[in-house]
Amino acid sequence: MTGEQPDPRQTRQGLVGMLLDRFGHLVRELGKFATVGGAAFLIDFGLFNYLTSSRDVEELTAKTISTVIAASFAFVGNRFWTWRHRQRSNPAREYALFFFFNAVGLGIAVACLAISRYGLGSIWPDVFQTRLADNIASYLVGAGLGTLFRFWSYRRFVFVEAGTPTLPPQVKPDPDHGA
70 MTGEQPDPRQ TRQGLVGMLL DRFGHLVREL GKFATVGGAA FLIDFGLFNY LTSSRDVEEL
130 TAKTISTVIA ASFAFVGNRF WTWRHRQRSN PAREYALFFF FNAVGLGIAV ACLAISRYGL
190 GSIWPDVFQT RLADNIASYL VGAGLGTLFR FWSYRRFVFV EAGTPTLPPQ VKPDPDHGA
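Counted the way this note's numbering counts, the sequence shown spans residues 70 to 248.
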């Protein structure tokens with residue numbers, strides 16, 4: 070489940086060494102994922118601001134354009150760099166799932182913002198109905214949880230390992246075993 074295990078003759082000593090041997094590939098994947106995501110964020114942010122300030126494109130249209138371009142960049146970066154060692158399946162399937170899980174990740178960020186602003190904000194409006202609270206809820210908490218979800222879902226469902234089942238195996242009852 071965690072990938073290939075190192076040859077016992079090449080293992081490191083100590084707790085940190087053992088953890089690196091066991092989960093080093095996961096740390097490398099997470100680092101690449103974060104690098105691609107950071108670049109996609111900069112593309113989204115820069116393109117949105119360029120379109121709205123220099124080209125006078127309406128904000129929702131600009132956000133849609135910048136998000137689709139940034140997400141397409143992230144898809145290519147993750148497919149051909151982060152998880153290039155993974156088995157390839159139908160590119161249309163991967164792309165559709167990638168955008169579906171992006172939408173779920175966005176929903177997580179929006180839900181965190183809504184809980185902060187409208188849930189907690191109805192109790193403590195001076196604290197939770199501020200620009201700072203909105204930014205913390207959406208960009209730190211929401212984006213953080215959404216990013217963890219996307220990393221897990223891309224790794225598990227979009228860019229699957231060879232031999233990874235897409236559906237859980239069916240358990241059949243033993244006809245000879247009476248219950």
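Cβ coordinates follow ideal geometry from the N, Cα and C atoms, glycine included.
Only a predicted model underlies this, so the values are computations on that prediction, with no experimental measurement involved.
Straight-line Cα distance separating residue 194 from residue 209: Distance between the alpha carbons of residue 209 and residue 194: 20 angstroms.
For residue 159, count neighbouring C-beta atoms within 10 Å of its own C-beta (all shown protein chains included) and say buried if the count is 16 or more, exposed if not. Residue 159 is classed as exposed because its beta carbon has fewer than 16 other beta carbons within 10 Å across all chains shown.
Other residues of its chain near residue 140: CB distance less than 6 angstroms, five sequence neighbours each side excluded: The answer, listed in chain order, is 171.
Test item: CB-CB of residue 222 and residue 178 under 7 angstroms: Taking 7 angstroms as the Cβ cut-off, residue 222 and residue 178 do not qualify as a contacting pair.
Looking only at its own chain, which residues have a Cβ that is under 6 angstroms from the Cβ of residue 219, when we skip the five neighbours before and after it? Closer than 6 angstroms at Cβ, skipping near neighbours: 170 and 174.
Counted within 10 angstroms of its Cβ, other Cβ atoms place residue 125 as buried (16 or more) or exposed: Residue burial is scored here from C-beta neighbours: residue 125 has fewer than 16 other C-beta atoms within 10 angstroms and is therefore classed as exposed.
What first and last residue would you give for the alpha helix (DSSP H) that runs through residue 124? Premise fails: residue 124 is in no alpha helix (DSSP H) and is neither H nor E.
Spatial distance of residue 113 from residue 132 (CA atoms): Residue 113 and residue 132 have their C-alpha atoms some 8 angstroms from each other.
Classify residue 151: buried if its beta carbon has 16 or more other beta carbons within 10 angstroms, exposed otherwise. Buried, by the Cβ-count rule.
Beta-carbon within less than 6 angstroms of residue 70's beta-carbon, same chain only, minus the 5 sequence neighbours each way: which residues are those? With a pLDDT of only 48 at residue 70, under 50, the local geometry of the prediction cannot be trusted, and no value is derived from it.
Need the endpoints of the alpha helix (DSSP H) that residue 182 sits in, please. First-last of the alpha helix (DSSP H) with residue 182: 160-183.
By the DSSP assignment, the alpha helix (DSSP H) with residue 207 in it spans what residues? Looking at the DSSP string, residue 207 is not in any alpha helix (DSSP H), and its letter there is neither H nor E.
Could you give the residue range of the alpha helix (DSSP H) that holds residue 221? Its alpha helix (DSSP H) spans residues 212-222.
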